[in-house]
């Protein structure tokens with residue numbers, strides 16, 4: 263789930279990235295009884311044929327343009343999507359009343375009126391994978407799978423049109439614009455950027471694949487050339503920003519935002535910089551990984567059947583590269599993990615999958631770490647993801663998100679519909695389907711095998727058991743393998759979450775705490791803390807600067823005798 267205060271945080275910040283756009287070039291063709299959009303592109307915009315996903319956005323506002331204004335899961339725009347296969351310049355893909363949309367299912371559901379429309383195509387790359395499958399998916403362009411911002415994708419001008427669902431219409435949109443390359447921030451005294459080609463990922467995908475890191479150096483790094491430092495590895499969604507929210511720019515902060523930060527125990531980016539730069543602050547290096555996949559903005563930092571060996575790429579390629587190029591202490595006690603939401607699962611998952619490599623994890627509001635509480639679902643026992651079991655006459659919907667006051671926000675069924683609009687075959691780039699791509703098996707078609715049917719909600723328990731038996735249900739993994747894992751992770755697990763997490767993530771944390779309280783030989787010596795009352799997604803028990811201080815104390819306490827702790 264999208265990290266920290268990037269609300270719609272998790273699932274939903276990235277939505278703003280994928281509800282895309284296109285250009286109405288030619289006004290309107292003669293009306294018909296069928297509502298219809300025709301989307302094409304000229305050779306001047308893209309000389310070859312395109313395989314990918316085309317989108318049409320319909321909005322009542324033109325500022326900002328629809329491809330930018332889409333966000334969250336709300337009703338600011340209606341979006342419709344269709345696959346395009348080897349679409350040549352000048353050819354059109356047609357979206358009509360049978361094309362699935364979100365939140366309106368059909369063009370026929372759009373009330374008659376004046377609208378601003380735009381279109382976009384998300385271009386796919388063909389991958390010949392080492393597992394024998396050939397698939398088409400979007401190759402990230404270092405934008406973090408934000409399809410509406412991805413360099414090389416085509417989009418249209420915004421046009422105002424009159425749509426009449428009774429009379430029908432035929433609106434033609436031409437994709438004449440090309441999204442420009444991403445501008446990566448320049449290195450500074452404090453912050454360095456690293457990007458390398460991964461050999462293991464390139465071999466798996468049959469295509470050059472890259473991973474990156476953003477490195478935050480401690481105060482005095484250049485002046486103390488003989489010093490080496492412990493490292494905190496921050497896991498989470500793709501970002502071009504410095505680790506841990508660090509910024510030397512003292513930007514104005516509104517009273518509303520300051521109150522929100524205070525409610526979650528976050529400081530501003532500049533306040534964190536002030537702590538990092540203070541004389542008595544622990545001297546550590548902080549690293550944020552960048553590892554987008556063809557399915558998501560982030561790989562979940564572990565090996566998987568669909569994503570490939572991202573865990574190996576980070577552990578065996580990226581970290582050794584960093585330790586060779588920066589003065590890091592290359593030992594387990596001096597490597598610690600932190601992350602929230604998606605990064606929360608990753609920080610705990612990496613500690614569990616590589617228990618000898620890291621010295622501890624500070625896991626914040628993690629994505630489900632016990633699949634008996636996959637949000638509100640028990641994927642092992644429930645038969646349907648959309649409705650609560652046990653009712654005869656009433657279908658009670660399952661929700662994916664709520665407000666901290668308890669108000670439900672979006673159902674699992676609605677979000678599944680959204681993912682179906684964003685992409686077929688698990689290519690939505692969204693939250694539910696990256697869990698399937700990370701935890702689940704490869705389907706016969708080479709794409710991730712769905713955990714449930716996106717139209718009916720029927721759960722495939724063979725997929726659920728695959729996820730469990732391959733270790734991705736971290737609770738089951740720890741409980742089942744405690745005899746071997748316990749001695750390696752004792753005292754290393756710290757988990758923090760609000761009691762009213764927006765995505766019900768606290769429910770899985772409760773189950774993990776209960777399970778780990780009962781383990782023996784050795785005891786877990788874990789730390790679980792909960793934000794109360796009504797603390798939502800993003801809550802942490804103290805400021806980010808204090809979390810770094812806690813990690814530094816842990817490193818000093820657990821360092822072997824005679825070892826440096828900077």
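Residue numbers (the numbering used here): 263 to 828.
No residue lacks a Cβ here, since even glycine has one placed at the ideal position from N, Cα and C.
Local Cβ density within 10 Å of residue i, reported as buried at 16 or more and exposed below that
{"i": "residue 826", "result": "exposed"}
{"i": "residue 384", "result": "buried"}
{"i": "residue 442", "result": "exposed"}
{"i": "residue 322", "result": "exposed"}
{"i": "residue 344", "result": "buried"}
{"i": "residue 613", "result": "buried"}
{"i": "residue 503", "result": "exposed"}
{"i": "residue 629", "result": "buried"}
{"i": "residue 655", "result": "exposed"}
{"i": "residue 681", "result": "buried"}
{"i": "residue 331", "result": "buried"}
{"i": "residue 711", "result": "buried"}
{"i": "residue 418", "result": "buried"}
{"i": "residue 770", "result": "buried"}
{"i": "residue 632", "result": "buried"}
{"i": "residue 288", "result": "Since pLDDT at residue 288 reaches only 36, below the 50 mark, its modelled position is unreliable, and the value read off the structure follows with that caveat. Residue 288 is exposed by the Cβ-count criterion."}
{"i": "residue 653", "result": "exposed"}
{"i": "residue 415", "result": "buried"}
Pairwise C-alpha distance: residue j and residue i
{"i": "residue 691", "j": "residue 501", "result": "15 Å"}
{"i": "residue 726", "j": "residue 642", "result": "6 Å"}
{"i": "residue 390", "j": "residue 459", "result": "17 Å"}
{"i": "residue 412", "j": "residue 401", "result": "9 Å"}
{"i": "residue 376", "j": "residue 409", "result": "26 Å"}
{"i": "residue 715", "j": "residue 534", "result": "44 Å"}
{"i": "residue 676", "j": "residue 465", "result": "37 Å"}
{"i": "residue 594", "j": "residue 820", "result": "10 Å"}
{"i": "residue 368", "j": "residue 388", "result": "30 Å"}
{"i": "residue 499", "j": "residue 604", "result": "7 Å"}
{"i": "residue 571", "j": "residue 586", "result": "22 Å"}
{"i": "residue 568", "j": "residue 539", "result": "42 Å"}
{"i": "residue 363", "j": "residue 558", "result": "21 Å"}
{"i": "residue 428", "j": "residue 371", "result": "10 Å"}
{"i": "residue 829", "j": "residue 438", "result": "Look at the range of the chain in this structure, 263 to 828, and you will see that residue 829 is not part of it."}
{"i": "residue 284", "j": "residue 688", "result": "Confidence at residue 284 is low in this model, with a pLDDT of 35, below 50, so its placement is unreliable and no value can be given for it."}
{"i": "residue 292", "j": "residue 433", "result": "In this prediction, residue 292 scores a pLDDT of 46, lower than 50, which makes its location untrustworthy; the coordinate-derived value is nonetheless stated afterwards. One C-alpha to the other measures close to 9 Å."}
{"i": "residue 353", "j": "residue 301", "result": "8 Å"}
{"i": "residue 316", "j": "residue 788", "result": "48 Å"}
{"i": "residue 515", "j": "residue 350", "result": "48 Å"}
{"i": "residue 625", "j": "residue 752", "result": "15 Å"}
{"i": "residue 597", "j": "residue 658", "result": "46 Å"}
{"i": "residue 619", "j": "residue 747", "result": "13 Å"}
{"i": "residue 744", "j": "residue 701", "result": "21 Å"}
{"i": "residue 378", "j": "residue 326", "result": "11 Å"}
{"i": "residue 732", "j": "residue 798", "result": "30 Å"}
One or two residues paired with residue i in a DSSP bridge
{"i": "residue 321", "result": "339 and 378"}
{"i": "residue 565", "result": "571"}
{"i": "residue 390", "result": "396"}
{"i": "residue 639", "result": "636"}
{"i": "residue 646", "result": "720"}
{"i": "residue 624", "result": "600 and 756"}
{"i": "residue 424", "result": "376"}
{"i": "residue 354", "result": "302"}
{"i": "residue 497", "result": "601"}
{"i": "residue 664", "result": "670"}
{"i": "residue 251", "result": "Because the chain here runs from 263 to 828, residue 251 falls outside it and cannot be looked at."}
{"i": "residue 542", "result": "DSSP lists no partner for residue 542."}
{"i": "residue 790", "result": "757"}
{"i": "residue 363", "result": "342"}
Presumed contact (8 Å Cβ cut-off) between residue i and residue j, rounded CB distance
{"i": "residue 828", "j": "residue 492", "result": "6 Å"}
{"i": "residue 320", "j": "residue 340", "result": "4 Å"}
{"i": "residue 806", "j": "residue 507", "result": "6 Å"}
{"i": "residue 668", "j": "residue 497", "result": "Incorrect: roughly 29 Å between the Cβ atoms, too far for contact."}
{"i": "residue 312", "j": "residue 709", "result": "Not really, about 19 Å apart at Cβ, beyond 8 Å."}
{"i": "residue 552", "j": "residue 611", "result": "No, residue 552 and residue 611 are not in contact; Cβ-Cβ is about 18 Å, not under 8 Å."}
{"i": "residue 406", "j": "residue 627", "result": "The Cβ separation is near 20 Å, so there is no contact."}
{"i": "residue 249", "j": "residue 361", "result": "Because the chain here runs from 263 to 828, residue 249 falls outside it and cannot be looked at."}
{"i": "residue 303", "j": "residue 318", "result": "Actually they are not in contact, since the Cβ atoms of residue 303 and residue 318 sit about 14 Å apart, beyond 8 Å."}
{"i": "residue 660", "j": "residue 650", "result": "6 Å"}
{"i": "residue 404", "j": "residue 440", "result": "The Cβ separation is near 16 Å, so there is no contact."}
{"i": "residue 495", "j": "residue 512", "result": "Their Cβ separation, rounded to whole angstroms, is 27 Å, which puts residue 495 and residue 512 out of contact at 8 Å."}
Residue i Cβ short of 6 Å to the ligand FAD heavy atom set
{"i": "residue 466", "result": "The ligand FAD is absent from the structure shown, which contains no ligands of any kind."}
Stretch-stretch touch, CB-based, cutoff 8 Å, three pairs: the stretch 736-746 with the stretch 774-786: yes
* Touching or not, the stretch 478-488 and the stretch 451-468, by the rule of three or more beta carbon pairs under 8 Å? -> yes
Would you call the stretch 807-819 and the stretch 541-557 in contact, with 3 or more CB pairs under 8 Å?
-> yes
Sufficient close CB pairs (3 or more, under 8 Å) joining the stretch 685-703 to the stretch 554-564
Segments in contact, yes.
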